[in-house]
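**Q**
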Ligand code: RB5
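Right, dumping it as C-alpha cells:
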C-alpha cells in the first residue's frame with residue numbers, strides 16, 4: 034500500500050511529521066509537494082495526488098492545507114476520487130468503512146500533531162465495510 038501526500042504552503046509544516054509517522058508504520062510515502070513554504074495554489078497539489086491515486090488503485094492519498102476545505106473540494110472534482118475531510122478519528126474511521134474514501138484531507142491550522150496521529154491511525158486501520166455501503 035502506497036500513500037501519496039500533497040500540501041499547499043499552509044499544510045507544509047506538518048507534512049514531514051505525517052510522512053515520518055506513516056513510514057514508521059511501514060507505509061511507503063511519496064511526497065508530491067509543495068516543497069517550500071512559498072505561497073502556492075492548493076488545487077495544483079490536489080490534482081497531482083488525485084492523478085497518482087487514480088493511476089494506482091491500491092494507493093491512498095493525503096491532502097493537507099490550512100483548513101482541509103480547499104483540498105477536499107478540489108480533490109472531489111476528480112471522478113473516482115472520494116476525498117474525506119476528517120478532523121477527528123471517528124470521521125476518519127467511518128470515511129474508510131462507510132464511504133470507501135481514498136483520500137484523507139485535514140487542516141494543519143485545525144488539528145495538532147496528537148489529533149493528526151489519531152486521525153491517521155483510524156484511517157490506516159479502517160477498511161471499506163461493503164454491503165449496504
Ligand atoms: C491558505 O491560506 C488557505 O486558504 C488554504 O490552505 C486552505 O485552507 C484553503 O481551503
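In our numbering, the protein residues as written are 34 to 166. Backbone N, C-alpha and C fix where the C-beta goes; we use that ideal spot for every residue, glycine too. Model, not experiment: these values are computed from the prediction.
Pull up the distance between the alpha-carbon of residue 92 and that of residue 34, whole angstroms please.
**A** 6 angstroms
**Q** Return the residue from the list 60, 112 and 144 that minimises the CA-CA distance to residue 134.
**A** 112
**Q** Report the partner residues of residue 64 according to the DSSP bridge assignment.
**A** 38
**Q** Would you kindly report the start and end of the unbroken alpha helix (DSSP H) that includes residue 128?
**A** 122-130
**Q** Could you compute how far the alpha carbon of residue 127 sits from the alpha carbon of residue 42?
**A** 28 angstroms
**Q** If I'm right that residue 39 touches residue 66 with Cβ under 8 angstroms, what's the distance once you round it to whole angstroms?
**A** Yes, they are in contact, since the Cβ atoms of residue 39 and residue 66 sit about 6 angstroms apart, within 8 angstroms.
**Q** I need the DSSP call for residue 117, collapsed to helix, strand or coil.
**A** strand
**Q** Rounded to a whole number of angstroms, what is the C-alpha to C-alpha distance between residue 106 and residue 77?
**A** 12 angstroms
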